[in-house]
Amino acid sequence: MKLDFIKINPAGNITILIDNFNIYDKDIAKISEELMREDNLHAEQVGFIKDNHLQMMGGEFCGNASRSFASLLAFRDKTFSKQKIYKITCSGEDEVLAVDVREGQTENSFLAKIKMPKFKSLEEIKIDNYKLGLVKFSGIDHFIFDVAENKEDNFEKVIDSVKNYLSDKDFSAFGIMFFDRENLSMKPYVYVKEVESGIFENSCASGTTALGYYLKKYKNLDRAKIVQPNGWLEYIIENDEIYIDGSVEIVAEGKVYI
Numbered sequence: 005m006k007l008d009f010i011k012i013n014p015a016g017n018i019t020i021l022i023d024n025f026n027i028y029d030k031d032i033a034k035i036s037e038e039l040m041r042e043d044n045l046h047a048e049q050v051g052f053i054k055d056n057h058l059q060m061m062g063g064e065f066c067g068n069a070s071r072s073f074a075s076l077l078a079f080r081d082k083t084f085s086k087q088k089i090y091k092i093t094c095s096g097e098d099e100v101l102a103v104d105v106r107e108g109q110t111e112n113s114f115l116a117k118i119k120m121p122k123f124k125s126l127e128e129i130k131i132d133n134y135k136l137g138l139v140k141f142s143g144i145d146h147f148i149f150d151v152a153e154n155k156e157d158n159f160e161k162v163i164d165s166v167k168n169y170l171s172d173k174d175f176s177a178f179g180i181m182f183f184d185r186e187n188l189s190m191k192p193y194v195y196v197k198e199v200e201s202g203i204f205e206n207s208c209a210s211g212t213t214a215l216g217y218y219l220k221k222y223k224n225l226d227r228a229k230i231v232q233p234n235g236w237l238e239y240i241i242e243n244d245e246i247y248i249d250g251s252v253e254i255v256a257e258g259k260v261y262i
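The sequence shown begins at 5 in this note's numbering and counts up by one.
Pasting the structure below:
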């Protein structure tokens, strides 16, 4: 099989977008697993695009992939100059997403600011002996894990606890944001049920959104630049809306064989 691909770097969260393909094909999860492999295109996630819609590999919502898609639209837009708002849709989210794309320092680099979906619920819960924030969105559930407060550095142990907690619950994807409040940094882990796999990502927009909502409620922090393993993302809360801003780079495009 030969596919048209675009490889994009949104703040380190390497994303593959596949064009000119049936976005609802029953095999997109299997195809995505192949593409993400280190001996293939090597990425953290895969999305399939058609017109202004982005379909993620497990039907989940993804903020960084949405920022990537809008930046690709700007990259292909012959009328784009300095700044433009692109309206897109993404799996796992019913609302139309408005992405403010600004030009970067090179023709293939951009800054993209997206208004993120509002949470469905926000609470603090106990799982085993851990205290976590739980922020639910329509396409993903995010857990906020304060590393210092919980005094736990064995992240795999925490992941297993969360998996056990969710074993009898309905979800399409979950994330755990391992948060260090001392330097406002986080290490994001995301698990997608459809592909039955999880990875530590180099940045996570929806996870940063969840963390932003959590910090607003419990720390009254309206805005912060959150350091990610391979970059940064900034959340901004204005008039009860939350935005995620950060860099996006179009890395490569071409044909891939699987």
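Note that beta-carbon positions come from the ideal geometry of N, C-alpha and C, so glycine has one too. Remember, it's a predicted structure, so these values are computed and weren't measured experimentally.
Classify Gly143 as helix, strand or coil using the three-state DSSP reduction. Here Gly143 carries a coil assignment [DSSP, helix/strand/coil].
Hey, could you find the ends of the alpha helix (DSSP H) Ile32 is sitting in? Element bounds for Ile32: Ile32 to Met40.
Taking all protein chains shown into account, do 16 or more other C-beta atoms lie within 10 angstroms of the C-beta of Met40, making it buried, or fewer, making it exposed? By the neighbour-count criterion, in which a residue is buried when 16 or more other Cβ atoms sit within 10 angstroms of its Cβ, Met40 is buried.
Three-state secondary structure (DSSP) at Ala47? The three-state secondary structure of Ala47, taken from DSSP, is coil.
Closer than 8 Å to chain C by CB, Ala209: The structure shown contains no chain C; it holds only a single protein chain.
Scan the segment 122-200 and note each continuous beta strand (DSSP E) run of 3 residues or more that stays entirely inside, going in chain order. Listed in chain order, the complete beta strand (DSSP E) runs (minimum 3 residues) inside the segment 122-200 are 125-131, 134-140, 145-150, 177-184 and 189-196.
C-beta atoms of Gln59 and Tyr28 nearer than 8 Å: Yes, these two residues count as a Cβ contact at 8 Å.
Give the straight-line distance between the Cα atoms of Phe84 and Ile129, rounded to the nearest whole angstrom. Approximately 46 Å between the Cα atoms of the pair.
Beta-carbon separation (whole angstroms), Ala177 vs Gly143, contact threshold 8 Å: Right, the Cβ-Cβ distance comes to about 7 Å (below 8 Å), so this counts as a contact.
For Ser210, which of helix, strand or coil comes out of DSSP? Three-state result, Ser210: helix.
Going by C-alpha to C-alpha distance, which of Leu215, Asn234 and Val231 sits closest to Leu225? Of the residues Leu215, Asn234 and Val231, the one whose Cα lies closest to the Cα of Leu225 is Leu215.
Backbone secondary structure at Ser85 - three-state DSSP: Here Ser85 sits in coil by DSSP.
What are the boundary residues of the beta strand (DSSP E) that includes Leu115? Ser113 to Lys119 is the span of the beta strand (DSSP E), which, as asked, contains Leu115.
With H, G and I counted as helix, E and B as strand and the rest as coil, what does DSSP make of Phe250? According to the sequence shown, residue 250 is Gly rather than Phe. Looking at Gly250 - three-state DSSP - the assignment turns out to be strand.
First through last residue of the alpha helix (DSSP H) which encompasses Gly235: For Gly235, there is no enclosing alpha helix (DSSP H); the residue is part of the beta strand (DSSP E) that begins and ends at Gly235 to Glu242.
Give me the Cβ distance between Thr4 and Gly51, rounded to the nearest whole Å; I'm assuming they're in contact under 8 Å. A query on residue 4 cannot be resolved here, the shown segment of the chain reaching from 5 to 262 and no further.
How far does the alpha helix (DSSP H) with Ala15 in it reach, from first residue to last? No residue range can be given for Ala15, since it is assigned to no alpha helix (DSSP H) and is classified by DSSP as neither H nor E.
With a threshold of 6 Å on Cβ separation, who are the neighbours of Asn17 within its own chain once the five nearest residues in sequence on each side are excluded? For Asn17, where only same-chain residues beyond five positions count, the Cβ hits under 6 Å are Glu48, Asn68, Glu205, Asn206 and Ser207.
If you draw a straight line from the alpha carbon of Asp244 to that of Met5, how long is it in whole angstroms? Each residue's alpha carbon lies about 46 Å from the other.
Where the beta strand (DSSP E) containing Leu76 begins and where it ends: Leu76 -> not in any beta strand (DSSP E); alpha helix (DSSP H) instead, spanning Gly67 to Arg80.
Quick one: using the 10 Å Cβ neighbour count with 16 as the cut-off for buried, is Lys283 buried or exposed? This structure leaves residue 283 out entirely; the chain is present only between 5 and 262.
Could you tell me which of Val252, Lys259 and Ile203 sits nearest to Ile12, measuring between CA atoms? Sorting Val252, Lys259 and Ile203 by C-alpha distance to the C-alpha of Ile12 places Val252 at the top.
Looking only at DSSP bridge pairs, what is Ile203 linked to? Answer is Val194, bridged to Ile203.
Whole angstroms is fine: what's the gap from Asp174's alpha carbon to Lys82's? Approximately 43 Å, taken between the alpha carbons.
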